[in-house]
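With positions in the sequence shown counted from 1, the corresponding number in my numbering is that position plus 107.
C-beta atoms are modelled at their ideal positions from N, C-alpha and C, and glycine is treated no differently.
Contents: one structure, followed by commentary.
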Amino acid sequence: MRREHKENILLPYDSKLYINGQVLIPARLIRSLGIERTTYAFLKIIYKGNEISLDRVKLLRTRHTASRQFTIPKDIRLQFDMKPGDTITLLEIRPLE
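Printed below as a string of C-alpha coordinates:
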(Lines of atoms letter the chains of each structure in order from A and count residues from 1; the text may use other names and numbers.)
(Lines give C-alpha, C1' and ligand atoms only; values in the text may rest on other atoms or scores of the structure.)
Protein backbone atom coordinates (compact mmCIF):
# COMPACT_ATOMS: atom_id res chain seq x y z
CA MET A 1 0.00 0.00 0.00
CA ARG A 2 1.43 3.33 -1.03
CA ARG A 3 0.92 6.61 0.76
CA GLU A 4 -0.05 9.70 -1.16
CA HIS A 5 2.45 12.53 -0.83
CA LYS A 6 0.62 15.40 0.77
CA GLU A 7 1.21 18.93 -0.41
CA ASN A 8 3.32 21.20 1.77
CA ILE A 9 1.39 23.77 3.73
CA LEU A 10 2.72 27.26 4.26
CA LEU A 11 1.94 30.43 6.19
CA PRO A 12 -0.48 32.04 6.83
CA TYR A 13 -2.13 29.10 8.62
CA ASP A 14 -5.35 29.06 10.65
CA SER A 15 -5.35 27.09 13.89
CA LYS A 16 -7.61 26.81 16.93
CA LEU A 17 -6.93 27.99 20.47
CA TYR A 18 -7.25 25.09 22.92
CA ILE A 19 -8.79 25.31 26.39
CA ASN A 20 -5.30 25.35 27.97
CA GLY A 21 -4.29 28.45 25.98
CA GLN A 22 -2.17 26.49 23.52
CA VAL A 23 -2.17 26.56 19.72
CA LEU A 24 -1.17 23.54 17.61
CA ILE A 25 1.28 23.87 14.72
CA PRO A 26 0.85 20.71 12.60
CA ALA A 27 3.79 18.51 11.63
CA ARG A 28 3.37 19.23 7.90
CA LEU A 29 3.81 22.97 8.52
CA ILE A 30 6.81 22.41 10.82
CA ARG A 31 8.49 20.23 8.18
CA SER A 32 7.60 22.65 5.35
CA LEU A 33 9.29 25.49 7.23
CA GLY A 34 12.27 23.31 8.20
CA ILE A 35 12.07 24.14 11.91
CA GLU A 36 11.96 20.63 13.40
CA ARG A 37 14.89 21.32 15.74
CA THR A 38 13.78 24.79 16.84
CA THR A 39 12.99 25.26 20.52
CA TYR A 40 12.31 29.01 20.71
CA ALA A 41 10.76 31.20 18.02
CA PHE A 42 9.40 34.64 17.24
CA LEU A 43 5.74 34.38 16.23
CA LYS A 44 3.41 36.84 14.57
CA ILE A 45 -0.29 36.00 14.77
CA ILE A 46 -3.58 37.66 13.83
CA TYR A 47 -6.60 37.46 16.09
CA LYS A 48 -9.83 39.27 15.14
CA GLY A 49 -7.91 41.74 12.96
CA ASN A 50 -5.26 42.46 15.61
CA GLU A 51 -1.67 41.63 14.68
CA ILE A 52 0.16 40.32 17.76
CA SER A 53 3.91 39.68 18.03
CA LEU A 54 5.13 37.06 20.48
CA ASP A 55 8.86 37.04 21.19
CA ARG A 56 10.79 34.02 22.53
CA VAL A 57 7.91 31.57 22.50
CA LYS A 58 8.81 28.01 23.49
CA LEU A 59 7.68 25.46 20.91
CA LEU A 60 6.52 22.44 22.91
CA ARG A 61 6.91 19.01 21.36
CA THR A 62 5.76 15.48 21.96
CA ARG A 63 8.19 12.61 21.83
CA HIS A 64 7.41 11.01 18.47
CA THR A 65 5.88 13.68 16.22
CA ALA A 66 7.10 16.79 14.43
CA SER A 67 4.07 18.87 15.45
CA ARG A 68 4.54 21.65 18.00
CA GLN A 69 2.36 23.63 20.37
CA PHE A 70 2.90 27.02 21.91
CA THR A 71 1.14 28.80 24.75
CA ILE A 72 -0.26 32.29 24.28
CA PRO A 73 0.54 34.21 27.49
CA LYS A 74 -2.43 34.74 29.79
CA ASP A 75 -2.11 38.54 29.79
CA ILE A 76 -2.42 38.58 25.98
CA ARG A 77 -5.38 36.16 26.07
CA LEU A 78 -7.13 38.44 28.56
CA GLN A 79 -6.22 41.66 26.73
CA PHE A 80 -7.67 40.42 23.44
CA ASP A 81 -10.49 38.37 25.05
CA MET A 82 -9.34 35.10 23.45
CA LYS A 83 -11.59 32.12 24.11
CA PRO A 84 -11.02 28.37 23.59
CA GLY A 85 -12.04 27.35 20.07
CA ASP A 86 -11.26 30.75 18.55
CA THR A 87 -9.28 30.82 15.30
CA ILE A 88 -5.72 32.14 15.42
CA THR A 89 -3.91 32.90 12.14
CA LEU A 90 -0.17 32.23 12.17
CA LEU A 91 1.57 34.80 9.97
CA GLU A 92 5.23 34.27 10.76
CA ILE A 93 7.36 31.74 12.63
CA ARG A 94 11.03 32.68 12.86
CA PRO A 95 13.53 30.49 14.78
CA LEU A 96 15.58 32.30 17.44
CA GLU A 97 18.46 29.84 17.85
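Short Cβ contact (8 Å threshold) for residue i with residue j
i      : j      : result
LEU124 : PRO191 : yes
ASP121 : THR196 : yes
ILE200 : MET189 : no
ILE159 : SER139 : no
TYR147 : PHE187 : no
SER174 : LEU118 : no
Residue i to residue j span [Cα, whole Å]
i      : j      : result
LEU185 : ARG163 : 19 Å
THR145 : PHE177 : 12 Å
THR169 : LEU161 : 22 Å
ALA134 : LEU167 : 12 Å
Candidates the options, of which the one nearest residue i by Cα
i      : options                        : result
PRO202 : LYS165, ILE152, ILE153, ASN127 : LYS165
Element boundaries [alpha helix (DSSP H), containing residue i]
i      : result
ALA134 : 134-140
First through last residue of the beta strand (DSSP E) which encompasses residue i
i      : result
LYS123 : 120-123
LEU161 : 157-165
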